[in-house]
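Colleague: Before anything else, here's the structure in question.
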Amino acid sequence: MSKSSLFRAYCDWPYETAVFVEASNRHSAAHKISCLIEALYGCSPDDVSFYNLDSYDELIDEKGVGDDLDFRLFESGWDGDGVVSWVESPLFLAPLNQPFLLATWGRLQRHIEELRLDDQIQVRNRMWLAYLAAGRGGWPKMPPVGAYAAWREG
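Counting from 1, position 146 in the sequence shown corresponds to residue 1409 in the numbering used here; the numbering is continuous, with no gaps.
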């Protein structure tokens, strides 16, 4: 099967997680999710509930917004600036696409870590600018809200 056979849904049993399955159509994907969760966790198929069942093509072409097309499979929240949250602890029940999913998941985790490091560097840079702005007298008292932006513009 190809990537276009992938489907993702958010499943509520036994904990909320994104589940990936391979299927030829939406109906088959829904059936597989219910049966596989039942087999994995020993619950009744009636206990398995899920929502936002989307195909690979829908996630890539319609719902995703990120620059890396493969990462769009794992996007879970957006705002005007782009992706604000990602799927956490996905369940891959797609054996033919397992290598692709695992490799993409690993790349995404490295990307998220790089973003965190960039954020930490930006915070350190702002602290250093505040220190320099204070002169040699040491750290300034806490500036009023918006003072950094005003100083930077001025």
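We put the CB at the ideal spot given by N, CA and C, even for glycine. Since the structure is predicted, the reported quantities are computational estimates derived from the model, not experimental observations.
(1) My understanding is that ALA1292 touches LEU1316, with C-beta atoms under 8 Å, so please give their C-beta distance in whole angstroms.
(2) I think ALA1437 touches TYR1314, with their Cβ atoms under 8 Å apart; what is that distance to the nearest whole Å?
(3) Does the region 1363-1379 come close enough to the region 1293-1300 that 3 or more CB-CB pairs lie under 8 Å?
(4) Opposite ALA1281 in the DSSP bridges: which residues?
(5) In the region 1276-1363, which residue ranges form an unbroken beta strand (DSSP E) of at least 3 residues, counting only runs that do not cross its ends?
(6) On the CB-based measure, 16 or more other CB atoms within 10 Å of its CB, does ARG1335 come out buried or exposed?
(7) Can you find the residues in the same chain that come closer than 7 Å, C-beta to C-beta, to ALA1357, ignoring five residues on each side of it along the sequence?
(8) Is it right to say ALA1281 is buried, meaning 16 or more other beta carbons lie within 10 angstroms of its own, or is it exposed?
Modeller: Result, derived from the coordinates:
(1) The sequence position of residue 1292 within the sequence shown is 29, counting from 1. The sequence position of residue 1316 within the sequence shown is 53, counting from 1. The pair is a contact, with the Cβ atoms about 6 Å apart (cut-off 8 Å).
(2) Beyond the ends of the chain as shown, which are 1264 and 1417, falls residue 1437; an answer cannot be given.
(3) no
(4) Position 18 of the sequence shown holds residue 1281. Per DSSP, TYR1273.
(5) 1280-1285, 1313-1318, 1338-1342, 1345-1349, 1354-1356
(6) Looking up residue 1335 in the sequence shown gives position 72. ARG1335 counts as buried, since no fewer than 16 other beta carbons sit within 10 angstroms of its beta carbon.
(7) Along the sequence shown, read from residue 1 onward, the residue named residue 1357 stands at position 94. So the qualifying residues of the chain are LEU1269, PHE1283, VAL1284, GLU1285, LEU1364.
(8) Your numbering for residue 1281 matches position 18 in the sequence shown. That one is buried.
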